[in-house]
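Asker: First the structure, which I've put down as structure tokens, then a few questions once you've had a look.
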Amino acid sequence: MTTTDVLAIIGAVTGIIGTIAGLFALCWDYYKWKYAERVQLKVTAIPNFVNAEDRRKEMIWVSVTNIGKIPTTIKLLTLHGFNSKRGMKKRNGENLAIITQPFYGQLPAKLNPGDDWDGGFDQHSEGIEEYLKYKYFVVQVEDTMSNKPFRAEVDKSLVKKLSS
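For the sequence shown, the positions run 613 to 776 when this note's numbering is used.
Below is the structure:
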């Protein structure tokens, strides 16, 4: 085996290793672009929240936290009613209400990574009772950076207290 053969083998091995490392880096960048570096919002919706200004008024409290790495702006809240888990795969429910200005908490609201937004709406307002008839009552948050909205299911065991 000559020196030329040894150098050719070393060159081939380093070329293969470099190609594999480059493909791995490309796949990692795609993964970060597709999954890691995107808007991630954690949404919570809790009924029977007592209003500090008027203790007789109960509200559905909505909390949104940006747990991702990218800032976004919340545009609006929507209420949806679904009768099945399969139906929940759709973007919109069988019944839909749009809340552009909640009782408290201003919209649109800019959320930087780590920021919270709290808002609420009157749970005894006209039309909310319609959503209690559905098996699943969902509050959905629409933002400017995501293709899909973020959701929180309202706890039905607490929602039943709404009608009393």
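Ideal placement from N, C-alpha and C gives every residue a C-beta, glycine not left out.
What does the alpha-carbon distance come out to for the pair residue 699 and residue 750?
Answerer: Those two C-alpha atoms are separated by around 12 Å.
Asker: Count the other CB atoms within 10 Å of the CB of residue 628; is the residue buried (16 or more) or exposed (fewer)?
Answerer: Classification of residue 628: exposed, given that the 10 Å Cβ count is below 16.
Asker: Have a look at residue 723 and residue 623 and give me their C-alpha separation to the nearest angstrom.
Answerer: Approximately 51 Å, taken between the alpha carbons.
Asker: Would the beta-carbon of residue 720 fall within 8 Å of that of residue 745?
Answerer: No, the pair does not count as a contact, with Cβ atoms beyond the cut-off.
Asker: Measure the alpha-carbon distance for residue 728 versus residue 678 and round it to whole angstroms.
Answerer: Approximately 7 Å, taken between the alpha carbons.
Asker: Count the other C-beta atoms from every protein chain shown that fall within 10 angstroms of the C-beta of residue 764, then say buried if there are 16 or more, exposed otherwise.
Answerer: Buried, because 16 or more other Cβ atoms sit within 10 Å of the Cβ of residue 764.
Asker: Could you check what DSSP says for residue 664 in three-state terms: helix, strand or coil?
Answerer: It is coil, neither helix nor strand.
Asker: Please state whether the Cβ-Cβ distance between residue 651 and residue 682 is less than 8 Å.
Answerer: Yes, the pair counts as a contact, with Cβ atoms nearer than the cut-off.
Asker: Using alpha carbons as the reference points, say which of 734, 762, 714 and 645 lies closest to residue 702.
Answerer: The candidate whose alpha carbon is nearest that of residue 702 is 762.
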